[in-house]
Amino acid sequence: MTYQQTIDYLYALTPAFERIGAAAYKPGLGNMLRLMDALGNPHKTLRCLHVAGTNGKGSTAHMLAAILQAQGCKTGLYTSPHLVDFAERIRVDGKEVEHDYIVDFVERYDDLIHAVRPSFFELATAMAFCYFRDMQTDICVIEVGLGGRLDSTNVITPLLSVITNIGFDHTAQLGNTLESIAREKAGIIKQGIPVVIGEADRHTRPVFEAVASERHSLITFAQDIDYDVIPPCQLTGDYQRKNLRTVLCAVDALRREGIDIEPRAVAEGLLHVCDMTGLRGRWQILGTEPLIICDTGHNAHGLKYVARQLGAMPQNKHIVFGMVADKDYHEVLRLMPPDARYYFTQPDSPRALKAAKLTAEAQSVGLKGQCYEKLADALTDALNNADKRDVVFVGGSNYLVGEFLAINKLS
């Protein structure tokens, strides 16, 4: 098979959350453990950091990976979802897994895939662990896919667990209270393994403290630490300030575990995180006249910071916006700046919220704009209507931003 045929085969054979949503979610670790056993338990050979959280876990994982790379560690990085190409999910020292490795892996283990019937994410996670083992990594940063306790990545025993924050997302799988969501994410806290919590409130802090106490895990809350100096970072979104504190706290925790991380490596990794890890779509600037920005924020908890930063910008704003149907779009739309011109569209995904419905909902809360079935058409009009002093923003969904980046690459 070619690479594209292999990816199409995986999507056809294994249920993928990004394609069909909750129906692809397989709670429990039974399938994953069967896969691991058949593959020789590659996860047991890895030294890992485990990163969970409602928002910011991808940025946090990339920053930690960049710092470890700058320190000279051969660093694996596993994140999801991808924006343009599946290979983005699995990297070593910032370089994507080779397409040939993916094709060979699927062909070699085709019988196993049919026997175990893993989800798309379970198989991707197993592939990542095998790749990191085969590449003889020094350390790996593993981002949770969904939740924590029952996530496929939770077969690892890490050096450190990190939970960035708790907000409302994936409530059908994780529960509809902050306490229940925190409890699921606290499932990555392992016996005797330290944990760093980025942000917690009166609802979630007691949950984390109770689980950490039960498991004899040293717990540190990044929000409680006053860092005199926050090093400059290549990620410029306002919301990254919180993630930076979490990262610095995690670095301190790793040092306590005997891992040597020099201040120079922290500074270099943060200043060049996107260049070193390939991170995209986080308040990413793609043009200057007009100022073109994209961001993958996709729920109210994450988009409130993006909306606030957009709202504070004095320029005329042209916002190309689309979401998936299982997100809290009613609340999100209420957060968006009312003084912008909107171009409502939809991601190229079966889970997409139809542009017409999004437009109607937006108009009901006072947002003004037009409806487009295709992102390319919305983007064309936004760019045509903007002058060189304006801002064009694309966001609302990982999948919409991925589609935009693919269009931008082609152009």
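The sequence shown: position 220 = 1663 (our numbering), numbered continuously. By construction, the Cβ of each residue, glycine as well, lies at the ideal position given by its N, Cα and C atoms.
- Inter-segment contact for the segment 1808-1815 and the segment 1839-1853 is absent: fewer than three beta-carbon pairs are separated by less than 8 Å.
- Distances from the CA of Asp1703 to each of Ile1662, Lys1487, Glu1804 and Ile1510 were compared; the closest alpha carbon is that of Ile1510.
- Residue pairing for Tyr1785: DSSP places it in a beta bridge opposite Ile1762 and Gly1812.
- Distance from Ser1595 to His1741 at the Cβ level is roughly 21 Å; contact not present, criterion being Cβ atoms closer than 8 Å.
- Take the alpha-carbon of Leu1678 and the one of Val1716: they are about 8 Å apart.
- Per DSSP, the continuous alpha helix (DSSP H) segment holding Gly1712 begins and ends at Pro1706 to Leu1714.
- Taken through DSSP and simplified to helix, strand or coil, Tyr1521 comes out as strand.
- DSSP places Ala1495 in the uninterrupted beta strand (DSSP E) bounded by Cys1491 to Ala1495.
- Exclusion of the five residues before and after Leu1822 leaves Val1763 as the residues of its chain whose Cβ lies within less than 6 Å of its Cβ.
- Rounded to whole angstroms, the separation of the alpha carbons of Arg1784 and Met1444 is 45 Å.
- As computed with DSSP, Ser1604 is found in a beta bridge with His1493 and Val1638.
- Take Pro1790, set aside five residues on each side of it, and the residues of its chain with a beta-carbon closer than 7 Å to its own are Gly1765, Val1767, Ser1840, Tyr1842, Leu1843 and Glu1846, in chain order.
- At a cut-off of 3 residues, the continuous stretches assigned as beta strand (DSSP E) that sit fully inside the segment 1683-1756 are 1727-1731 and 1734-1738.
- In the DSSP assignment, Gly1501 falls outside any beta strand (DSSP E) and lies within the alpha helix (DSSP H) extending over Lys1500 to Ala1513.
- In the displayed model, Ala1768 falls within coil according to three-state DSSP, outside both helix and strand.
- Distance from the Cα of Pro1793 is smallest, within the candidate group His1525, Leu1555, Lys1685 and Asp1769, for Asp1769.
- A contact is defined here as three or more CB-CB pairs under 8 Å, and the segment 1707-1721 meets this definition with respect to the segment 1511-1529.
- Rounded to the nearest whole angstrom, the C-alpha separation of Arg1707 and Glu1531 is 27 Å.
- Just measuring C-alpha positions, the residue of Cys1737, Gln1683 and Thr1620 sitting nearest Gly1641 is Gln1683.
- Here the C-alpha atom of Tyr1521 lies approximately 26 Å from the C-alpha atom of Ile1673.
- When C-alpha distances from Thr1620 are compared across His1646, Ile1599, Arg1699 and Pro1637, the shortest belongs to His1646.
- If you draw a straight line from the Cα of Asp1577 to the Cα of Tyr1786, it is about 46 Å long.
- Ile1609 and Thr1580 have their C-alpha atoms roughly 30 Å apart.
- Per the coordinates, the alpha-carbon of Tyr1544 lies some 20 Å from the alpha-carbon of Asp1480.
- Rounded to the nearest angstrom, the Cβ distance from His1542 to Tyr1454 is 16 Å, too far for a contact under 8 Å.
- With fewer than 16 other beta carbons inside 10 angstroms of its own, Glu1622 counts as exposed.
- Arg1560 and Thr1457 have their alpha carbons spaced roughly 7 Å apart.
- Per DSSP, reduced to three states, the secondary structure at Arg1534 is strand.
- Note that the C-beta distance between Cys1676 and Leu1687 is below 7 Å.
- The Cβ-Cβ distance between Val1639 and Leu1734 does not fall below 7 Å.
- Residue environment for Tyr1772: buried (at least 16 other C-beta atoms within 10 angstroms of its C-beta).
- Only exposed fits Thr1731, as fewer than 16 other CB atoms lie within 10 angstroms of its CB.
- Trp1726 is positioned such that its CB atom lies no closer than 7 Å to that of Asp1718.
- At the C-beta level, Ile1624 and Cys1491 stay beyond 7 Å of one another.
- Bounds of the beta strand (DSSP E) holding Thr1663 are Ile1662 to Phe1664.
- Within the same chain, and ignoring the five residues on either side of Gly1496 in sequence, the residues whose Cβ sits closer than 6 Å to its Cβ are Ile1606, Thr1607 and Asn1608.
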